[in-house]
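J.: Each residue of the sequence shown is one higher than the one before, counting from 280 in the working numbering.
I'd like to ask some things about the structure below.
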Amino acid sequence: MPGLVVFGRRWAIGSDDFVLPGAFELFVRLVWWIGILVLYTVHKGQFNCPGGGLLHSYLLVLIILLASIICALSALVYISMQGTISNPGPRKSLPKVLYTRLLLYLPEFIWAVLGAVWVSDSSVHCEKTVINAIIWTVIASWVIIIFTIVGVVIVFDPLGGKKTFYLTEGVSRNLESSQSGQLLYNVKSTATRVWEQRIRLLCCCIVQDDDHRVAFTSIAELFRTYFSDTDLVPSDIAAGLILLHQEQDKMESCPKEPEEVLCHSPSSLVADNLDVELENAAHYMLFAAAAYGWPYYIYTNPFTALCKLKGDCCRSRPTDSDITGSDRHNFHFGSILKITGLQYRDFIHISFHNKIYEIPFFVALDHKKEAIVVAVRGTLSFEDILTDLSADCEDLTLEDVLENGFVHKGITQAATYIYRKLINDGILNQAFTIAPEYKLVIVGHSLGGGTASILAIMLRNSFPTLKCYAFSPPGGLLSKSLADYTKHFIVSVIVGKDLVARLSMPNMEDLKRRIVRIVANCNRPKYQILLRGCWYEVFGGDPDDFPTELDGRNENALSQPLLAEESLMVHRSPSYSALEDGSPLNSPPQYPHLYLPGKIIHIVEESSSRRWCSSDTKYTARWSNETVFSSILISPKMITDHMPDVVLKALNSLPQEQGACLSC
Numbered sequence: 280m281p282g283l284v285v286f287g288r289r290w291a292i293g294s295d296d297f298v299l300p301g302a303f304e305l306f307v308r309l310v311w312w313i314g315i316l317v318l319y320t321v322h323k324g325q326f327n328c329p330g331g332g333l334l335h336s337y338l339l340v341l342i343i344l345l346a347s348i349i350c351a352l353s354a355l356v357y358i359s360m361q362g363t364i365s366n367p368g369p370r371k372s373l374p375k376v377l378y379t380r381l382l383l384y385l386p387e388f389i390w391a392v393l394g395a396v397w398v399s400d401s402s403v404h405c406e407k408t409v410i411n412a413i414i415w416t417v418i419a420s421w422v423i424i425i426f427t428i429v430g431v432v433i434v435f436d437p438l439g440g441k442k443t444f445y446l447t448e449g450v451s452r453n454l455e456s457s458q459s460g461q462l463l464y465n466v467k468s469t470a471t472r473v474w475e476q477r478i479r480l481l482c483c484c485i486v487q488d489d490d491h492r493v494a495f496t497s498i499a500e501l502f503r504t505y506f507s508d509t510d511l512v513p514s515d516i517a518a519g520l521i522l523l524h525q526e527q528d529k530m531e532s533c534p535k536e537p538e539e540v541l542c543h544s545p546s547s548l549v550a551d552n553l554d555v556e557l558e559n560a561a562h563y564m565l566f567a568a569a570a571y572g573w574p575y576y577i578y579t580n581p582f583t584a585l586c587k588l589k590g591d592c593c594r595s596r597p598t599d600s601d602i603t604g605s606d607r608h609n610f611h612f613g614s615i616l617k618i619t620g621l622q623y624r625d626f627i628h629i630s631f632h633n634k635i636y637e638i639p640f641f642v643a644l645d646h647k648k649e650a651i652v653v654a655v656r657g658t659l660s661f662e663d664i665l666t667d668l669s670a671d672c673e674d675l676t677l678e679d680v681l682e683n684g685f686v687h688k689g690i691t692q693a694a695t696y697i698y699r700k701l702i703n704d705g706i707l708n709q710a711f712t713i714a715p716e717y718k719l720v721i722v723g724h725s726l727g728g729g730t731a732s733i734l735a736i737m738l739r740n741s742f743p744t745l746k747c748y749a750f751s752p753p754g755g756l757l758s759k760s761l762a763d764y765t766k767h768f769i770v771s772v773i774v775g776k777d778l779v780a781r782l783s784m785p786n787m788e789d790l791k792r793r794i795v796r797i798v799a800n801c802n803r804p805k806y807q808i809l810l811r812g813c814w815y816e817v818f819g820g821d822p823d824d825f826p827t828e829l830d831g832r833n834e835n836a837l838s839q840p841l842l843a844e845e846s847l848m849v850h851r852s853p854s855y856s857a858l859e860d861g862s863p864l865n866s867p868p869q870y871p872h873l874y875l876p877g878k879i880i881h882i883v884e885e886s887s888s889r890r891w892c893s894s895d896t897k898y899t900a901r902w903s904n905e906t907v908f909s910s911i912l913i914s915p916k917m918i919t920d921h922m923p924d925v926v927l928k929a930l931n932s933l934p935q936e937q938g939a940c941l942s943c
């Protein structure tokens, strides 16, 4: 629902967000009030000790104050339970109750100070039980006050004042007037500045230069654009994701039409090709995982990794010409040796240098497959995250390549950095001098997979026989023409419902529209959605059949936005056409569509069985296409399916004789 407006500004909390925290505080206050009431009743005639008169007054006023707070909290929780996310009408009186509750913090603060003073007074010699009770009362008061202050800071919206004014006046004013245009410009500038400050705060531990400042501004503009046209609070997004997950599970459990499950029997050549590619992918995934160095090795071997690496830390490390960047105690290189099983002499170049747009990689000789392998590391640092989030599009112009198109800006700059190192520093020349008959293979996982794909495009003309294996690459990577061009030499491997493989700006816009639609049309209060959703995510069971405003409507009505949906869309966004021209929820996004690179192998979970200490998951693999990844799927495994150890486990668990199935 729209953010709550109190004290003349919007806050990042809805009027229906007070149910759960209010109920918890109400329970604490009730237990507290009963305890103080019992204490007062039991010791009613025993306040003749020094300081007892003040203690009597303190307890009496505290009982009355707690009773008032309990009444205010009860009203606050009751009103917050009314209505639905998109129907705040029954909660219109909540601000008044909230003002009353906040006003009660003043006497509570004063009484907490008086209690602290009374406890610290050395002249007080009352019964020890009473003194201990007052001490705990003072502690509880200060804890609640501190948590309230922290909560206010969390839900504070720096744009609340401007956005409230914009929302209340936006309907009546002319968007083309110079005054409203200047106001809109000020709102956008402030929003970009706020996002930039947040990003700088998160990245305060890294050294910042001009590249960082440009990236901060670009990413801030991206976030500002994405969040500027909705009026959802964080709990609305959580409720929307819960509803989407359950709706998705209901659709998956429904019996499909025969044409939806029909699987064409491919030729034996295609089946053999899939088996070969799966075998190669399982082999080269070790190199992609090894590029992460010691964090991956310790993560996959938590009990033995340090002991094994400790013996390698004193080994002679490569000369300065072989390695760049920091590898303290030789842990990174030792981990790479352990994971790949290669010898020291098999490595041509290793770079642990890491800055924004400059990611680590290594070049090694793979004698088993007779290949020179370039392995690019995935996301592992704040600099890598900034590279990921620099998601603007830019043209990739290459000589003798007719399929030029749009590419992910940040990943392209990372690929350009590695390309220059490989070519200008003569690293590949050195490798082919040692093994001239070997082929070139480029691999990477996640950010490394995307970088490896664009690097393969750059090197394709010089090395026509090169091959690239991209494991879980970002979805928004290449334009359609470039994606089709890479099908000849790039293979992408995606596991399950991997989120990153589906990440692109059009998919994010689609997810936002789906969240707005399902949240606006659900008839249940938010607290019920959150409670039942948490139960479903933790304990499983059948997805809830939440009634919605869409129940009973005909199919044509489903394509028309309801008033509740439009109320959650604030103003125009670059992803939507003008409001006057149509519904924002049905307008096609204007972000360019970017796709996964190359041919796509999709590995999906066939069955899963859990035991006390482990889980046995069976996978199946098939050729797929980019349209399968045109929508973000909500699942607890959307993150774990992206992890390199899960990808490697899935590849290794596939049966040797893998039956191929073309995507329908």
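Backbone N, C-alpha and C fix where the C-beta goes; we use that ideal spot for every residue, glycine too.
1. So, is Ser838 buried or exposed, given that buried needs 16 or more other C-beta atoms within 10 angstroms?
2. Is Phe908 near Ile773, with beta carbons less than 9 Å apart?
3. Could you tell me the distance, in whole angstroms, from the CA atom of Leu798 to the CA atom of Gly519?
4. Using beta-carbon positions only, say whether Asp625 and Ala650 come within less than 9 Å of one another.
5. Is Val512 helix, strand or coil by DSSP?
6. Short check: CB of His611 to CB of Phe631, under 9 Å?
7. Whose CA, out of Pro876, Phe641, Glu500, lies closest to the CA of Ile769?
8. To the nearest angstrom, report how far apart Gly723 and Thr765 are at their CA atoms.
9. Just to confirm the assignment, what range does the beta strand (DSSP E) spanning Leu383 have?
10. Quick one: what's Leu675 bridged to in DSSP?
11. Could you tell me the distance, in whole angstroms, from the CA atom of Ala735 to the CA atom of Met784?
12. Less than 6 Å between C-beta atoms, sequence neighbours within five positions excluded: which residues of the same chain meet that for Glu637?
13. By DSSP's criteria, Tyr874 is part of a beta bridge. Which residues make up the other side?
14. What residue from Leu438, Ile618, Leu927, Trp390 has the CA that sits closest to Ile418's CA?
15. Under the rule that 16 or more other beta-carbon atoms within 10 Å means buried, what is Tyr748, buried or exposed?
16. Would the stretch 785-792 count as touching the stretch 705-722 if we require 3 or more Cβ pairs under 8 Å?
17. Say whether the stretch 351-358 touches the stretch 419-435, bearing in mind that this needs 3 or more beta-carbon pairs closer than 8 Å, one atom from each stretch.
18. Kindly indicate which residue of Gly394, Ser532, Trp415, Ser420 has the alpha-carbon position closest to the one of Leu383.
19. Going by the beta-carbon positions, is the gap between Ala780 and Ser751 smaller than 9 Å?
20. Please classify Trp814: is it buried, with 16 or more other beta-carbons within 10 angstroms of its beta-carbon, or exposed?
21. Residues in the same chain with beta-carbon distance under 8 Å from Glu526, minus the five sequence neighbours each way, listed in chain order, please.
22. Can you give me the C-alpha to C-alpha distance between Thr896 and Thr744, rounded to a whole angstrom?
23. Which class does Leu933 belong to by DSSP, given the choice of helix, strand or coil?
24. Return yes when the Cβ of Arg370 is within less than 9 Å of the Cβ of Lys348, no when it is not.
25. For Ile313, which of Phe297, Leu341, Ala291 has the nearest alpha-carbon?
26. Between Arg699 and Leu523, which are expected to be in contact by the criterion C-beta below 8 Å, what is the C-beta distance as a whole number of angstroms?
27. Looking at Gly775: is its Cβ nearer than 9 Å to the Cβ of Lys878?
28. Within 10 angstroms of its Cβ, does Ile478 collect 16 or more other Cβ (buried), or is it exposed?
29. Would you identify the three-state DSSP class for Arg278, choosing helix, strand or coil?
30. Step through the CB atoms of chain D and report whether any lies within less than 9 Å of the CB of Asp625.
31. Among Cys801, Pro753, Ala900, Trp573, which residue has its Cα nearest to the Cα of Ile911?
32. How many Å lie between His850 and Val285 at the Cα?
33. Under 8 Å by Cβ, that's how I've got Ala568 and Leu927 pegged, so tell me the actual separation to the nearest angstrom.
34. I'd like to confirm the pairing. Which residues does DSSP put opposite Ser637 in its beta bridges?
35. For Gly812, which residues does DSSP report across the bridge?
36. Taking only runs of the alpha helix (DSSP H) that begin and end inside the stretch 558-586, which ones reach a length of at least 4 residues, in chain order?
T.: According to the data block:
1. Low per-residue confidence applies at Ser838: pLDDT is 40, beneath 50, and the placement is therefore not dependable, though the value from the model is reported in the following sentence. With a 10 Å radius around the Cβ and a threshold of 16 neighbouring Cβ atoms, Ser838 comes out exposed.
2. yes
3. Checking the sequence, you will find Val at residue 798 rather than Leu. Approximately 5 Å, taken between the alpha carbons.
4. Pairing Asp625 with Ala650 gives a Cβ-Cβ distance that is not under 9 Å.
5. Assignment of Val512 by DSSP, reduced to helix, strand and coil, places it in the coil class.
6. yes
7. Pro876
8. When rounded, the distance between both Cα atoms is 16 Å.
9. Counting along the chain, Leu383 falls outside any beta strand (DSSP E), and DSSP gives it neither H nor E.
10. Bridge pairing for Leu675: Gly684 [DSSP].
11. 24 Å
12. So the list reads Tyr696, once near-sequence residues are dropped.
13. The partner list for Tyr874 (beta bridge, DSSP) reads Leu757.
14. Trp390
15. buried
16. no
17. no
18. Cα-wise, what sits closest to Leu383 is Ser420.
19. yes
20. exposed
21. Ile797, Pro822
22. 36 Å
23. coil
24. Inspection of the sequence shows that residue 348 is occupied by Ile rather than by Lys. Taking 9 Å as the Cβ cut-off, Ile348 and Arg370 do not qualify as a contacting pair.
25. Leu341
26. Not quite, the Cβ-Cβ distance comes to about 43 Å (not below 8 Å), so this is no contact.
27. no
28. Buried is the label assigned to Ile478, since at least 16 other Cβ atoms lie within 10 Å of its Cβ.
29. Outside the modelled stretch of the chain, which goes from 280 to 943, sits residue 278, for which no answer is possible.
30. Among the chains of the structure shown, chain D does not appear; only one protein chain is present.
31. With distances taken between Cα atoms, Ile911 lies closest to Pro753.
32. For His850, the pLDDT reaches just 43, beneath the cut-off of 50, and the residue's location in the model is therefore unreliable, although a value from the coordinates is still provided. Approximately 22 Å between the Cα atoms of the pair.
33. Correct: roughly 6 Å between the Cβ atoms.
34. The question names Ser, but residue 637 is Glu in the sequence shown. BP columns for Glu637 point to Lys634.
35. The bridge partners DSSP lists for Gly812 come to none.
36. 573-579
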